[in-house]
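Q: Got a structure for you, written out below as structure tokens; questions coming shortly.
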Amino acid sequence: MAAYSTGPFDSDTAQDLLERFAELTVAQRLEHLRLVFLGGPRDPGGPFEPVDPTEVIAGAALVALALPGGGRVRDTPQMEFDEEVAAAAVAGPDAGLVRLALDATRAVAADDAWFAGWLGAEDRAASRHTVAVIVDVLAGHVAAMSGRPGGAPGRAC
């Protein structure tokens, strides 16, 4: 992973996703996220390209930022909310998309290989923390939508 920090948008792959999303309407962004969380193709009009786990994390962060409680993601120490993130923002993700984001992110978090890409234990811990916050926001929303009292917190890494 060509990362330059531990946040969800701090890699070349995530930056590419943000740049691509900045050129799309919000509806197109939501559809592209659905494809990312389902494993591809990334571009409905293009060839099949496998989805990188970094895109899943970045996409899940975009979805979580659009939800009640998304400020918790914005407030993580690893999160930089800048003009690129704002230009790629999504609004109104439906319950199905939130569930897909949660499931895909949990799958990435369960595969320790993604976190192993970080060179140092401190960076791995920082990345795990951010992913855990993203999962918690997504899981809380899913729980609230399913009518479970208290919005059961998510279990991430």
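The sequence shown begins at 134 in the numbering used here and counts up one residue at a time.
Just so it is clear, CB atoms sit at the ideal spot from N, CA and C, and this is done for glycine as well.
1) Roughly how many angstroms lie between the CA atoms of G253 and R207, to the nearest whole one?
2) How would you label V268, buried or exposed, when you count the other beta carbons within 10 angstroms and need 16 or more for buried?
3) For the alpha helix (DSSP H) that contains A248, what are its first and last residues?
4) Rounded to whole angstroms, what is the Cα-Cα separation between D256 and A265?
5) DSSP state of S138, grouped into three classes?
6) In terms of DSSP beta bridges, what is S279 paired with?
7) CA-CA distance, R205 and A234?
8) Note the first and the last residue of the continuous alpha helix (DSSP H) segment covering L166.
9) What's the gap between the Cα of V169 and the Cα of D236?
10) Is any heavy atom of the ligand NAD found at a distance shorter than 6 Å from the C-beta of R257?
11) I need the straight-line Cα distance from L150 to G280, nearest angstrom please.
12) Rounded to a whole number of angstroms, what is the C-alpha to C-alpha distance between G202 and A194?
A: From the atom records:
1) 23 Å
2) buried
3) A small fix is needed here, since residue 248 is Phe in this sequence, not Ala. Where F248 is concerned, the enclosing alpha helix (DSSP H) stretches over D245 to A249.
4) 14 Å
5) coil
6) The partner list for S279 (beta bridge, DSSP) is empty, contrary to what the question assumes.
7) 17 Å
8) Run containing L166: V159 to L171, per the alpha helix (DSSP H) assignment.
9) Taking the straight line from one Cα to the other gives about 12 Å.
10) Although the ligand NAD was asked about, the structure shown includes no ligands whatsoever.
11) 33 Å
12) Taking the Cα positions, G202 is about 12 Å away from A194.
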